[in-house]
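Enquirer: Let me give you the structure first, and then I'll get to my questions.
Protein chains in written order, with the numbering used here: chain S, 7 to 212; chain C, 469 to 689.
What follows is the structure, given as structure tokens:
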């Protein structure tokens, strides 16, 4: 275990993870470790179980077998995790800033304000716009801004660059690099090369 | 704590906003009350005698009708995942959501009850008591209904099934809500039914969130 400048001392260790969905084993014998300042890219073809792996680590899917050990001096895994899935968790009738307001109050060390977070993803000019009028890429960017509101060490990102344009992809890359540089951990399901140095965990479909 | 208050406020705002359904419940309440005189006929003494019961049944149905989307919207748009990771116990999250839902859907029924009581020709004391019993009792309906709403989140289609599931469990609330008015009319004093009604609300405010949270956890996949 290593301490980094960001003050995060934490380690994620997964071993022998088995998850079934609809009675069918999707993941079997998955194991990896993740240290502070490290990113792990999860690759595999469609249906290989990348999303299921991320949801299992977040505790959003029950696991059949295996261990998920989170070693940290201050926070339990559930309060240390930002999950960025396929669903954007945006309410269409609320403005983008109002959508983010709730998520700035979750457990964790305070980060950016809603406006600053929208600025970081380049959408601060749309703070008053109801989320219903956002494009697919803009929705992803607002959802990503949520990760900046409260500082949590472990980011679980499920195809984070889907629907993003090239500029937004670069913005995302810079934000992920900042997170890693500050001693954060990231588990990223992706089909594209990550903008930061990362090990790769290939999982196969069966 | 700040998170739970914000969640309750947001639930209320979403329910009151466009497509939220809070006003549908109030309009439904009004519709039922408006239809009763046509069915019963122009017999004012009869109408004023059954007014408390009609108000309670209308409020019960109006409450149940609005419950089906309580958790399903959050599940469909991914908010439920984020709520589970918020660091708050799921039971308190359910409690906050139910409280917010009641503020938007239950409280308007309580506020509208005096006016609708007048439409049914109820007396002053009966109107005051029905309004009081609705204020004490409708939170119980929402807390019990939250269990049904949580049970159907895993199903792709909910709709009226929540009302069918939940209706039998709300009957004690209905009985003591109406009997408080009846007891006052017969000179016994409404204190005992009112206290039982308050007990039902307090008990359901604990049992409802616990059961609903268990149902939501069982539906995780």
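Even for Gly, the Cβ is constructed at its ideal location relative to N, Cα and C.
(1) Check residue 125 (chain S) in the structure and name its three-state DSSP category.
(2) Roughly how many whole angstroms lie between the Cα atoms of residue 196 (chain S) and residue 182 (chain S)?
(3) If we define contact as Cβ-Cβ less than 8 Å, is residue 68 (chain S) a contact residue for chain B?
(4) Closest Cβ-Cβ distance between residue 511 (chain C) and chain S: below 8 Å?
(5) Taking beta-carbon pairs under 8 Å, can you tell me which members of the region 106 to 119 of chain S lie near chain C?
(6) Just the chain S side, please: which residues come within less than 7 Å of residue 554 (chain C) by C-beta, in chain order?
(7) Whole angstroms are fine: how far does the CA of residue 631 (chain C) sit from the CA of residue 526 (chain C)?
(8) Which ranges does the alpha helix (DSSP H) cover as unbroken runs of at least 4 residues, wholly within the region 164 to 192 of chain S, from first to last along the chain?
(9) In terms of residue numbering, what span does the alpha helix (DSSP H) encompassing residue 147 (chain S) cover?
(10) If I'm right that residue 126 (chain S) touches residue 155 (chain S) with Cβ under 8 Å, what's the distance once you round it to whole angstroms?
(11) Under 7 Å between beta-carbons, which chain C residues line up against residue 87 (chain S)? List them in chain order, please.
(12) With 16 other CB atoms within 10 Å as the buried threshold, where does residue 42 (chain S) fall?
(13) I want to see whether chain S comes within less than 8 Å of residue 536 (chain C), judged by CB atoms only; does it?
(14) Across which residues does DSSP place residue 26 (chain S) in a beta bridge pair?
(15) So if I threshold CB-CB distances at 8 Å, which residues from the region 473 to 494 of chain C count as touching chain S?
(16) Should residue 579 (chain C) go down as buried or exposed, given a rule of 16 or more other Cβ atoms within 10 Å for buried?
(17) Residue 161 (chain S) and residue 88 (chain S) - do their beta-carbons sit closer together than 8 Å?
(18) With 16 as the cutoff for other CB atoms within 10 Å, does residue 520 (chain C) come out buried or exposed?
(19) Can you list the residues of chain C that residue 94 (chain S) reaches, using a CB-CB cut of under 9 Å?
(20) Report all residues from its chain with a CB closer than 7 Å to the CB of residue 4 (chain S); omit the five preceding and five following residues, and keep chain order.
(21) Any idea what DSSP makes of residue 588 (chain C), helix, strand or coil?
(22) So, is the C-beta of residue 84 (chain S) closer than 8 Å to a C-beta in chain C?
(23) Please report the straight-line C-alpha distance between residue 665 (chain C) and residue 54 (chain S), rounded to a whole angstrom.
(24) Counting Cβ pairs, one atom from each stretch, are 3 or more of them under 8 Å apart for the region 58 to 72 of chain S and the region 16 to 23 of chain S?
(25) Using only alpha-carbon positions, find the residue among C:688, C:689, C:680 and C:685 that is nearest to residue 538 (chain C).
(26) If you follow the alpha helix (DSSP H) that residue 75 (chain S) is in, where does it begin and where does it stop?
Expert: If we stick to the structure as given:
(1) helix
(2) 14 Å
(3) In the structure shown, chain B does not exist; the protein chains are S and C.
(4) no
(5) 107, 108, 109, 111, 112, 113 and 114
(6) 112 and 113
(7) 13 Å
(8) 172 to 187
(9) 142 to 155
(10) Between residue 155 (chain S) and residue 126 (chain S) the Cβ distance is about 10 Å, and since that is not below 8 Å, they are no contact.
(11) 553
(12) buried
(13) no
(14) S:31
(15) 474, 475, 478, 481, 482, 485, 486, 487 and 488
(16) exposed
(17) yes
(18) buried
(19) 545 and 546
(20) With chain S covering only 7 through 212, there is no way to say anything about residue 4 (chain S).
(21) coil
(22) yes
(23) 53 Å
(24) yes
(25) C:680
(26) Counting along the chain, residue 75 (chain S) falls outside any alpha helix (DSSP H), though it belongs to the beta strand (DSSP E) covering 71 to 78.
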